[in-house]
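Report on the following structure.
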Amino acid sequence: MAIELTTDQARYIARMRAGWPDADVRVHQRGWGVIVEVRRMERTISLVAFDGDGGVRRDAPLRRAA
3 MAIELTTDQA RYIARMRAGW PDADVRVHQR GWGVIVEVRR MERTISLVAF
53 DGDGGVRRDA PLRRAA
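Spelled out as structure tokens, the structure:
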């Protein structure tokens, strides 16, 4: 199943990318939508989930790993 991002979802990704311009942005497709992961130096620094209906599901901020 392919989903098309809404304008708000695309803007959210652009803001994430602007916050960490040197990081990798990875997208993982799921049956209910997609998970967008921002990684730098082999660590996940930001996660957000977008559902197929245009919603944004943001979890609690990730704590820094020890």
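Just so you know, our numbering puts the end of the sequence shown at 68, numbered straight through with nothing missing.
We put the beta carbon where it would ideally sit given N, CA and C, even for glycine.
Owing to the predicted nature of the structure, the values given are computational and were not obtained by experimental measurement.
Check G21 in the structure and name its three-state DSSP category.
In the displayed model, G21 falls within a helix according to three-state DSSP.
Residue environment, G57, which counts as buried when at least 16 other CB atoms sit within 10 Å:
Taking every protein chain shown into account, the CB of G57 has fewer than 16 other CB atoms within 10 angstroms, so this residue is exposed.
Residues near V29 in its chain [Cβ-Cβ closer than 6 Å; skip 5 each side]
V36 and V38, listed in sequence order.
Same chain only: Cβ atoms within 7 Å of L7, ignoring 5 sequence neighbours per side
Counting only Cβ-Cβ distances below 7 Å, and skipping sequence neighbours, we find F52.
Does D26 come out as helix, strand or coil in the three-state DSSP assignment?
Note: D26 maps to strand in three-state DSSP.
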